[in-house]
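So the protein sequences, as listed, match chains A and B. Here the numbering used here = 1-based position in the first sequence + 160. Here the numbering used here = 1-based position in the second sequence + 222. A short write-up of the structure that comes next.
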Amino acid sequence: MPLDKDTVKTIAFLARIKVPDAELEGLAKELSGIIGWVEQLNAVDTNGVEPMTSVAEMSLIKRKDEVTDGNCRERVLANAPEMEMGCFAVPKVIE
Amino acid sequence: MGALTDLTIAKAAAGLAAGDFTAVELTEAHLRAMEAARGLNAFITETPDIARERAKASDARRAAGQAKGPMDGIPVAIKDLFCTEGVLTTAGSHILDGFKPTYESTVSANLRDAGAVMLGKTNLDEYAMGSGNVTSYYGPVISPWKATDGKDRVPGGSSGGSAAAVAARLALGATGTDTGGSIRQPGSYCGIAGLKPTYGRCSRWGIIAYASSLDQAGPMARTVEDVAIMLKAMAGHDPKDSTSAPIAVPDFRAALTGDIRGLRIGIPTEYRVDGMPAEIEALWQRGMGWLKAAGAEPVEVSLPHTQYALATYYIIAPAEASSNLARYDGVRYGLRVPGDSLDAMYEATRGAGFGAETRRRILMGTYVLSAGYYDAYYRKAQQVRALIAGDFRQAFTKVDALLMPTAPSAAFAIGENTEDPIAMYLNDVFTVPVSLAGLPGMSVPSGLSAEGLPLGLQIVGKPFDEETVLRVAGVLETAAGVTAKPAFGGEG
Chain A
161 MPLDKDTVKT IAFLARIKVP DAELEGLAKE LSGIIGWVEQ LNAVDTNGVE PMTSVAEMSL
221 IKRKDEVTDG NCRERVLANA PEMEMGCFAV PKVIE
Chain B
223 MGALTDLTIA KAAAGLAAGD FTAVELTEAH LRAMEAARGL NAFITETPDI ARERAKASDA
283 RRAAGQAKGP MDGIPVAIKD LFCTEGVLTT AGSHILDGFK PTYESTVSAN LRDAGAVMLG
343 KTNLDEYAMG SGNVTSYYGP VISPWKATDG KDRVPGGSSG GSAAAVAARL ALGATGTDTG
403 GSIRQPGSYC GIAGLKPTYG RCSRWGIIAY ASSLDQAGPM ARTVEDVAIM LKAMAGHDPK
463 DSTSAPIAVP DFRAALTGDI RGLRIGIPTE YRVDGMPAEI EALWQRGMGW LKAAGAEPVE
523 VSLPHTQYAL ATYYIIAPAE ASSNLARYDG VRYGLRVPGD SLDAMYEATR GAGFGAETRR
583 RILMGTYVLS AGYYDAYYRK AQQVRALIAG DFRQAFTKVD ALLMPTAPSA AFAIGENTED
643 PIAMYLNDVF TVPVSLAGLP GMSVPSGLSA EGLPLGLQIV GKPFDEETVL RVAGVLETAA
703 GVTAKPAFGG EG
């Protein structure tokens with residue numbers, strides 16, 4: 161199904177990526193092209209086929225439910241663009 | 223003896239053991255080569271201080287009789303998708319500006335612990351999304367090979383910097399990652415050997431994620447034996463990656479017996495795609511002939527869902543990418559572009575930080591996962607993926623390994639395939655199905671195109687049977703006997 165400008169604008173917001181209005185048209189065309197191309201899968205009969213969610217034929221390994229690290233606040237914050245009082249700082253969320 | 227940079231890992235290890243030269247001398251030779259080759263743009267970050275320090279430590283270990291094995295003192299390059307402690311790690315993206323991880327990826331830590339010397343971090347397509355190393359924020363990598371038309375070629379992608387560095391004699395080996403062909407295709411384009419191991423063979427911990435159900439790290443080097451040596455040092459179970467396989471790591475080098483008598487080699491009929499250049503078809507035929515002459519038995523097999531692999535991949539990989547790349551939000555690391563609200567800050571940061579191809583894939587992934595479309599696209603792709611994996615399972619009841627071309631052509635010129643994203647995606651037509659099935663696949667230099675560019679053949683094996691893949695690859699390498707070297711770096 162072809163995507164229009166508004167759909168691209170909506171998914172760009174869902175993905176939290178600012179897309180200049182001037183680029184919406186071109187993107188809609190590109191994405192429509194790719195979507196149209198992947199729709200060739202509709203020709204494949206997948207009735208009763210279990211979706212493949214992992215290639216590893218093994219059950220997920222569980223570790224013990226215990227603390228394995230901690231006390232590393234400085235390392236966690238080392239790359240923060242902005243921080244205050246030992247926390248990540250973000251624009252004001254609550255008035 | 224020729225230049226130290228022209229050695230293989232195996233010969234360098236022997237030379238170090240025999241005391242013919244030191245790890246410091248070997249490293250200095252490579253640092254000089256790296257500096258002289260800056261025009262190729264193979265490295266995003268050079269780490270000469272770390273290299274010298276590790277080389278010195280290696281020599282000290284050896285002097286004390288505590289050398290660790292064949293990787294001790296070997297200069298290698300690390301794809302800039304592996305987190306390296308205290309060293310800028312970019313994934314080829316603007317959005318990771320200034321990111322210096324406070325931890326080391328398991329694979330690069332394994333190499334470090336085996337004594338390997340890190341020379342620097344190699345260039346790549348942004349977030350490993352590309353087939354030409356042209357989407358990097360840090361600019362394209364130029365292949366050290368020159369075609370007869372004189373135009374600069376891409377090294378392939380996404381591990382293009384790693385492939386170019388190894389081919390141009392700037393490093394004896396390099397790490398790559400492969401999601402849909404990103405080790406094998408640049409290996410083919412640059413005339414080196416590259417192995418994508420079975421999904422789960424190498425830990426993904428500390429590797430910046432693109433598509434988690436597909437991503438796998440692997441070695442790139444100039445010979446099959448070197449790839450075997452490097453893989454042993456990189457692989458192994460890691461409790462920090464829940465998909466890492468809890469199985470023993472064999473001595474891959476010991477698998478290179480040269481004896482493939484009686485092995486059944488599958489030739490998948492569906493890989494004879496329309497429009498495949500005659501020279502690729504001819505190379506494939508020659509490869510079959512070589513293996514047959516060595517005592518293997520070619521067997522025609524069918525992988526009926528092959529034609530749907532690329533479309534399947536371009537739903538699953540972008541979907542996983544859109545989820546994985548949600549973490550780049552300007553809060554915890556990398557670029558932040560200010561905004562009036564939290565949402566505005568996210569949007570501005572991600573709008574400025576991601577390049578065109580990454581943005582395209584995130585949007586594509588967001589769309590196919592969005593309400594109302596999930597079943598039509600994502601679930602459908604997962605079902606077709608099951609059929610593709612089933613094709614391989616079926617084929618492997620009849621054969622021990624598969625042989626096919628690595629890529630449908632030699633390296634294309636820089637600037638080609640950029641107008642239409644799908645034209646670029648088609649470069650991975652022979653590598654993507656193997657990735658979807660999670661199987662080990664390896665590209666081996668097998669010949670040259672009419673334009674004088676390298677061409678590779680691909681060997682694919684059963685899950686966790688890298689040993690057979692390497693054994694067949696070794697025979698192919700010997701029979702092909704490719705001696706051509708790239709224009710840049712090949713002068714020894």
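Glycine residues also receive a C-beta, built at the ideal position from the N, C-alpha and C atoms. All values derive from a computational prediction rather than experimental measurement.
Cβ-Cβ separation, TRP427/B to LYS462/B (assumed contact under 8 Å), whole Å:
4 Å
Could you tell me whether the Cβ atoms of SER365/B and GLN407/B are closer together than 8 Å?
no
Below 8 Å between beta carbons: does that hold for THR397/B and SER330/B?
yes
At 7 Å on the CB atoms, spell out the chain A contacts of GLU569/B, in chain order.
ARG176, ILE177 and LYS178
Nearest to THR344/B by CA position, among CYS305/B, ASP294/B and ASP374/B, is which residue?
CYS305/B
Pick helix, strand or coil for SER657/B, following the three-state DSSP scheme.
helix
Need the endpoints of the alpha helix (DSSP H) that ILE272/B sits in, please.
270-285
8 Å Cβ cutoff, ARG233/A in contact with chain B:
no
Taking ASN332/B and GLY480/B to be in contact with their CB atoms under 8 Å, please state how far apart those CB atoms are, rounded to whole angstroms.
That belief does not hold up - the Cβ atoms of ASN332/B and GLY480/B are roughly 28 Å apart, past 8 Å.
Which residues bound the beta strand (DSSP E) around GLU519/B?
519-523
Using the DSSP secondary-structure output, state which residues sit across from PRO676/B in a beta bridge.
LEU670/B
Bridge partner(s) assigned by DSSP for PRO490/B
VAL523/B
Any beta-carbon of chain A closer than 8 Å to the one on LEU564/B?
yes
Are the Cβ atoms of LYS178/A and GLU569/B separated by less than 8 Å?
yes
Against chain A: residues of the stretch 456-468 of chain B by CB proximity under 9 Å:
PRO461, SER464, THR465, SER466, ALA467 and PRO468
Exposed unless 16 or more other CB atoms sit within 10 angstroms - verdict on THR357/B
buried
For my contact list, ALA531/B and LEU417/B are in at a C-beta cut-off of 8 Å; report their separation, rounded to the angstrom.
Actually they are not in contact, since the Cβ atoms of ALA531/B and LEU417/B sit about 20 Å apart, beyond 8 Å.
When the Cα of GLY413/B is compared with those of GLY440/B, ARG423/B and GLY378/B, which residue comes out closest?
GLY378/B
What residues of chain A sit near PHE321/B, judged by a beta carbon separation below 9 Å?
ASN239
Where do the N-terminal and C-terminal ends of the beta strand (DSSP E) with LEU341/B fall, by residue?
339-344
Using a C-beta to C-beta distance shorter than 7 Å, which residues of chain B count as neighbours of VAL253/A?
LEU564
With a threshold of 8 Å between beta carbons, is MET586/B in contact with chain C?
Given the protein chain composition of this structure (A and B), no chain C is represented.
Say whether the stretch 655-673 of chain B touches the stretch 692-703 of chain B, bearing in mind that this needs 3 or more beta-carbon pairs closer than 8 Å, one atom from each stretch.
yes
Interface flag, MET223/B vs chain A, CB-CB below 8 Å:
Low confidence applies to MET223/B: its pLDDT is 48, below 50, so where it sits in the model is not reliable enough to give any reading.
Using only the alpha-carbon positions, how far apart do GLY714/B and ALA225/B sit?
Only weak support exists for where GLY714/B lies, its pLDDT of 38 falling under 50; the coordinates are left without a value.
Nearest chain A C-beta to ARG475/B closer than 8 Å, yes or no?
no
Quick one: what's got a C-beta closer than 6 Å to ALA518/B's C-beta in the same chain, skipping five residues either side?
ILE482, LEU485 and ILE487
Find the residues of chain B that neighbour LEU201/A, judging by a C-beta separation of less than 7 Å, and give them in chain order.
TYR530, ALA533, THR534, LYS602, ALA603 and VAL606
Beta-bridge partners of MET626/B, as assigned by DSSP
GLN680/B
Test item: CB-CB of LEU303/B and ILE429/B under 8 Å:
yes
Three-state class that DSSP yields for MET223/B in the structure shown
Here the model assigns MET223/B a pLDDT of 48, short of 50, so the residue's position is not dependable and the matter cannot be decided.
Whose Cβ in chain B lies nearer than 8 Å to the Cβ of GLY230/A?
The contacting residues do not exist; GLY230/A stays about 14 Å from chain B at best.
Could you give the C-beta distance for LEU505/B and SER544/B, rounded to a whole number, given that I count them as a contact under 8 Å?
Contact flag wrong, Cβ pair sits at about 37 Å.
What number of angstroms, rounded off, separates the C-alpha of ALA369/B from the C-alpha of ARG375/B?
8 Å
Starting from ASP448/B and walking both ways along the beta strand (DSSP E), at which residues does that stretch end?
Element bounds for ASP448/B: not the beta strand (DSSP E) but the alpha helix (DSSP H), 446-456.
Closest by C-alpha distance to TYR550/B, when choosing among ALA277/B, ALA285/B and SER315/B:
SER315/B
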